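Student:
Right, dumping it as C-alpha cells:
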C-alpha cells in the first residue's frame, strides 16, 4: 500500500508515517531499497540516513545482504553492543557524548533543512508533553537522532545510532529521579530549545556550545542521582 505523503515532509518524517500507517509486526522485512524509494518518493541517500536514525532508535534493524527488518536486533546480532554495554558505564557514555555531540550539532547548523527543524520541534513538543520518564527518554532519543540526521552525514548518523543503542542499555531507566515524569522546569527542556534555536539560526558555534552545556548539565544530574543513591 502506497504512503499518502505531503511533499513538504522530509524522508525521516515520511518513513515514520509509513511505518505507523502500515503497522508491521516485529521482524517484518521491509521492501527492497528501490521499491521503498518509490513508495516514499525520496532519494537513496536520504532513505539510508532515515533508516540509520530509526536503527539507532531501535525501531528497525538491518542485516547485511538480507535487508531491513522491523524492531530491535535479535540477541545474536547484538553481541558487540551487549559487550560494550557490559564494559562501559553511564559516566563513560555521557563523556563520549560530550566529545562527539557538539560536533554533530555544529554540522547540523550547517546542513539542517526546514524539514529537519520541524522534526526537532516536534520532538521538543513531545518531550514536554511526556507523561512518564520512559516517554520523555524516547523523545529525548528521537531529538538527538534528528539532530544527527540533520548533518546529512551517514557516518555521523551511524555513530549517533551506536551511541544511542549503548545509552539505552546502560543508562535508560537506571538513573531517573524519584518522580513519575520530568517536572515542568526540567533543565533539559530549555537546553534543548536553545540547541534547536541555534541550529535553526545556523549559528554553528552556539549550536556546539549549547549542546556541550546541555550534556555537561546531564552529566552533573547523573552524578547527583548516583550520589543520592549511595
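Numbering (this note's numbering), first residue to last: -19 to 210.
Backbone N, C-alpha and C define an ideal beta-carbon position, used for all residues, glycine too.
All of these numbers come straight from a predicted model, not from anything done at the bench.
Suppose you measure from the CA of residue 138 to the CA of residue 50; what does that come to, to the nearest Å?
Tutor: CA-to-CA, the gap between residue 138 and residue 50 works out to about 18 Å.
Student: At what residues does the beta strand (DSSP E) containing residue 40 begin and finish?
Tutor: For residue 40, the enclosing beta strand (DSSP E) covers residues 40 to 43.
Student: Identify, in the order they occur along the chain, each residue of the same chain with its Cβ nearer than 8 Å to the Cβ of residue 161, setting aside the five sequence neighbours on each side.
Tutor: 110, 111, 112, 113, 115 and 116
Student: Indicate the three-state DSSP secondary structure (helix, strand or coil) for residue 47 in the structure shown.
Tutor: strand
Student: Please report how far the alpha carbon of residue 75 lies from the alpha carbon of residue 31, in whole angstroms.
Tutor: 26 Å
Student: With H, G and I counted as helix, E and B as strand and the rest as coil, what does DSSP make of residue 122?
Tutor: Correct three-state label for residue 122: helix.
Student: Using the Cα positions of residue 145 and residue 118, report the straight-line distance between them to the nearest angstrom.
Tutor: 12 Å
Student: Count the C-beta pairs between the region 183 to 196 and the region 99 to 107 that are closer than 8 Å, then say yes if the count reaches three, no if not.
Tutor: Under the 8 Å Cβ criterion, the region 183 to 196 does not count as touching the region 99 to 107, having fewer than three qualifying pairs.
Student: Which residues in the same chain as residue 8 place their Cβ atom closer than 7 Å to its Cβ, once the five residues preceding and following it in sequence are excluded?
Tutor: 49 and 50
Student: For the alpha helix (DSSP H) containing residue 81, name the first residue and the last one.
Tutor: 70 to 91
Student: Run through DSSP, which three-state label would residue 161 get?
Tutor: coil
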